[in-house]
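Comments concern the structure below.
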Amino acid sequence: MFHLNQKKHSILIGNARGVGTFIAVDFLGHIGPRQRDSCLARLLKNGVLAAGCGNQSLRLRPALIFKPLHAELFLDRFEKSLSQL
Numbered sequence: 002m003f004h005l006n007q008k009k010h011s012i013l014i015g016n017a018r019g020v021g022t023f024i025a026v027d028f029l030g031h032i033g034p035r036q037r038d039s040c041l042a043r044l045l046k047n048g049v050l051a052a053g054c055g056n057q058s059l060r061l062r063p064a065l066i067f068k069p070l071h072a073e074l075f076l077d078r079f080e081k082s083l084s085q086l
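Taking the working numbering, I'd label the letters of the sequence shown as residues 2 to 86.
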């Protein structure tokens, strides 16, 4: 899921990883932690609850009822949040 965004925003994010619906991505560079925090705030404003992990990682651990529709909504809102950074 994050791999699509990683290609488009390779300057901002990298190391997309995950198993099943547990996924994470790192914000790159020395300003990565600030960008990650800013992205988390924007996601929350857009109705997505995500969390930080460590200094620069953003993680998503959705409920077990997560369906393809939810993935599409998340990707749309994540893309919107990244574009606003």
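By construction, the Cβ of each residue, glycine as well, lies at the ideal position given by its N, Cα and C atoms.
#1: Between which two residues does the alpha helix (DSSP H) harbouring G33 extend?
#2: What would DSSP say about F79, mapped onto helix, strand or coil?
#3: With respect to the beta strand (DSSP E) encompassing I24, which residues constitute its N-terminal and C-terminal limits?
#4: Contact between the stretch 39-47 and the stretch 17-24: three or more CB pairs below 8 Å?
#5: Please state whether DSSP places S11 in a helix, a strand or coil.
#6: Let me know if L61 comes out buried or exposed under the rule of 16 or more other beta-carbons within 10 Å of its beta-carbon.
#7: Just to confirm, is the Cβ distance from L125 to L13 under 8 Å?
On the basis of the supplied data:
#1: For the purposes of this step, residue 33 is taken as residue 32 along the sequence shown, with counting starting at 1. Looking at the DSSP string, the run of the alpha helix (DSSP H) that includes G33 is G33 to K46.
#2: For the purposes of this step, residue 79 is identified with residue 78 of the sequence shown, where counting begins at 1. Three-state result, F79: helix.
#3: By one-based count along the sequence shown, residue 24 stands at place 23. F23 to F28 is the span of the beta strand (DSSP E), which, as asked, contains I24.
#4: no
#5: The sequence position of residue 11 within the sequence shown is 10, counting from 1. Here S11 sits in coil by DSSP.
#6: As a position in the sequence shown, residue 61 is number 60, starting the count at 1. Its Cβ being crowded by 16 or more others within 10 Å, L61 is buried.
#7: What the structure shows of the chain is the stretch from 2 to 86, and residue 125 is not part of that stretch, so it cannot be assessed.
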